[in-house]
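Beneath this line is the structure, given in structure tokens, with notes to follow.
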Amino acid sequence: MGYPNLRACVADLERTGQLVRLPAEIDPHLAAAAVHRRVYRAGGPALLFERVRGTPFPMVSNLFGTPARARFLFRDALAVVRKLVELKVDPGHFARRPWRYWEVPFAAWKLRPKVVRRGPVLAGRTTLSQLPQLKCWPLDGGPFVTLPAVYTEDPDRPGWTKSNLGMYRVQPDRECGLHYQIHRGIGVHHAAAVRRGERLPVNVIVGGPPALALAAVMPLPEGLPELAFAAAIGGRRITLVKPGALPMPAEADFVISGHIDPTRTKPEGPFGDHLGYYSLTHPFPVMTVEAVYHRRDAIWPFTVVGRPPQEDTSFGELIHDLTGPVIPTVIPGLHAVHAVDAAGVHPLLLAIGSERYVPYAERRKPQELLTIASAVLGQGQLSLAKYLFIAAKEDADFLDIHDVAGFFRHILERVDWTTDLHFHTRTTIDTLDYSAGLGLNAGSKLVVAAAGPKRRDLLTQLPSDFTLPDGFAESRVVLPGVIAVRGPRAVAGGEGRGANDDGDPDVLRLCSYLTDRPSPLTPCPLLLVTDDPEFVARSVENFAWVVFTRSDPATDVHGVGAFTHRKHWGCTGPLVIDARLKPHMPPPLEDDPAVQRRIDPLFARGGPLARWG
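Printed below as a string of structure tokens:
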């Protein structure tokens, strides 16, 4: 019935051959994360680092490193949680098939936490400096807590029923910098504390039942506390102790307890993040630490984020398994939506919706799809999406949102660039996305809605008469109908890039060149300007990552034969996306070769990780 704590989880993984112990001392400064990444890429086991330099506490990573292992951890409760989701979709299921849902009332009883007077987490006290000082990437601004569950309560309505448990990275020093995105529950609680002129109590939970980590990343609807979901997915009630202003899980491995001052901030970052680049240094709320609790047998769990796929990909797949059936009940007409992991999740959404407006029309065009797209962009974390491509279910029942190449082929065969581009400018995007060059949380969005019969056959090889202006070279076919070209190196734009900038002069020169010549690009609706066309064409994953993390729609989307009519922008020829690295963007994440050489012996023949070397 689920794991009561992290120790039980580690023991079970070891017993079933899914965990390897590393007895040699490991340096938490870059080396531990480098080992984790190499083992993760090989589909390897969870890792227990028994001796960690500079700390008395062991570390464990890659607990959720494969989708199969993530499902294994929650195997006792997944079926029941799926049934709870089914009843959310259609409560009538219970009356029609009560025998299928006989466990649901018992699962519901477990949702309420159990308050106890003492627990293992209160056995010891330590300091921030004694915790593992994990640094994952060479340019990180210091050590970070990468797998925390941050607990707060609503100052206006205190208590666990209105609480928030979220996974926000924590940068410990003598204090802790808390990086969270503006739409998160902790932001609402912080705003209430600011309004009231009060400190906001915070508990940073590390370790404990694995269900806490999954609950902390789960996109739950407002009013459903993550503690209740943790009980459901963990198969047992969460026990809480309350030595201070807030309760904490009695079985947690560590709890960093303190408060956020309503007015103070401190620099946080840089940090190698899930888009595959460094997020930069910005002022974020600062947590004053009052106590650091730990259990006697505490283990410090961690993860490493970077260019997808990483361990958090498993979280995403598990979340989709659980929440996918709910989507059509939230947005009428929406059949499926996929946040593309290879593109860093938030930059790219693919969706399928119904197009039932004016069913007697001779030619279907996007109408209902636009209503659905607006609703998608108003839903929780989906509101951070930058590009949304949506297709009509009526055009292809077989369309699969997880087949990125197939989905783009379907869209590009049907899209009409004169009518099917819909921009949202000067809006909010992912905090970690710097493509617009406008600062934190700022950028634009583009909805591409395509419906109706096939308009064109797509090219699969370069046209023999395809030419480029000076400074452009090395063309590659990336996907059917998609060509990448090498452009001149991007240079810094004018003051406040995006404010009065219609795009890079070289890209505009390319569009003008192609507009003025008879075009062989009719079967090529999408042209990409990149730094390395061969890299982009090497895989669908490279295409998704480069194009949608390195472009801002309002600034970097151009077109051959571009026009504006009644405030609507479109183009008569190929769409052109400037997907080069821009000077204002942070650098991509790269391993330190010296660190790689230091960990090589672990993967050499006879080493404990030779199988995954």
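Under numbering that gives the first Met the number 0, think of the first position of the sequence shown as 0, with each following residue one higher. Heads up, the beta-carbon is just placed ideally off N, CA and C, and yes, glycines get one too.
Boundaries of the beta strand (DSSP E) around Tyr386: 386-391.
Counting the other CB atoms within 10 Å of its CB gives Thr238 a total of 16 or more, which places it among the buried residues.
Its Cα nearest to that of Ala212, the residue Arg168 stands out among Leu177, Arg168, His188, Leu199. Beta-bridge pairing by DSSP links Phe562 to Gly569. If only complete runs of 4 or more residues are kept, the stretch 313-390 shows the alpha helix (DSSP H) at 326-329, 367-375, in order along the chain.
The beta carbons of Ala231 and Val80 sit about 5 Å from each other, so the pair counts as a contact at 8 Å. In terms of Cβ geometry, Leu177 and Pro284 form a close pair [threshold 7 Å]. When secondary structure is reduced to three states using DSSP, His35 falls in the helix class. Note on geometry: alpha-carbon atoms of Gln132 and Arg485 lie some 41 Å from one another.
By the criterion of at least three beta-carbon pairs nearer than 8 Å, the stretch 308-319 is not in contact with the stretch 464-473. Here the alpha carbon of Pro242 sits roughly 24 Å from the alpha carbon of Val193. The beta carbons of Gly257 and Val288 sit about 4 Å from each other, so the pair counts as a contact at 8 Å. Secondary structure at Asn4: coil, using DSSP grouped into helix, strand and coil. Between Ile298 and Pro57, the CB-CB gap stays under 7 Å.
DSSP places Asn61 outside both helix and strand once states are collapsed to three, so it counts as coil. For Glu225, the secondary structure class from DSSP, reduced to helix, strand or coil, is helix. The C-beta of Leu461 has fewer than 16 other C-beta atoms within 10 Å across all chains shown, which makes the residue exposed.
If you check the CB distance, Leu574 and Leu525 come in under 7 Å. The Cβ atoms of Leu164 and Ala215 lie closer than 7 Å to each other. Around the beta carbon of Ala341, a 10 Å sphere encloses 16 or more other beta carbons of the protein chains shown; the residue is thus reported as buried. Counting only runs of 3 or more residues that sit fully inside the stretch 146-186, the beta strand (DSSP E) segments are 147-151, 163-165, 169-171, 175-177, in chain order.
Contact between the stretch 143-160 and the stretch 189-207 is present: three or more C-beta pairs spanning the two stretches fall below 8 Å. In this chain, the beta strand (DSSP E) harbouring Leu445 covers 441-449. C-alpha of Pro282 to C-alpha of Thr264: approximately 6 Å in a straight line. Classified as buried, Asp252 has 16 or more neighbouring CB atoms from the shown chains inside 10 Å of its CB. With 16 or more other Cβ atoms inside 10 Å of its own Cβ, Ala229 counts as buried. Three or more pairs of CB atoms, one per stretch, sit closer than 8 Å, so the stretch 556-576 contacts the stretch 410-427. Looking only at Tyr150, His567, Gln378, Arg236, the smallest Cα-Cα distance to Ile204 is reached by Tyr150.
Restricting attention to Pro365, Asp469, Tyr277, the CA atom closest to the CA of Tyr356 is found in Pro365.
Here Gln378 has Val329, Ile330 as same chain residues with Cβ atoms under 8 Å from its own Cβ, once five neighbours each way along the sequence are excluded. The Cβ atoms of His557 and Val490 lie no closer than 7 Å to each other. Under the three-state reduction of DSSP, His557 is assigned to strand. Glu393 and Phe301 have their alpha carbons spaced roughly 45 Å apart.
Residue pairing from DSSP leaves Pro462 without any beta-bridge partner. Our two residues, Leu5 and Ala45, have alpha carbons roughly 13 Å apart in a direct line. Excluding its 5 nearest sequence neighbours in each direction, Asp591 has C-beta neighbours in its own chain below 7 Å: Leu29, Pro137, listed in chain order.
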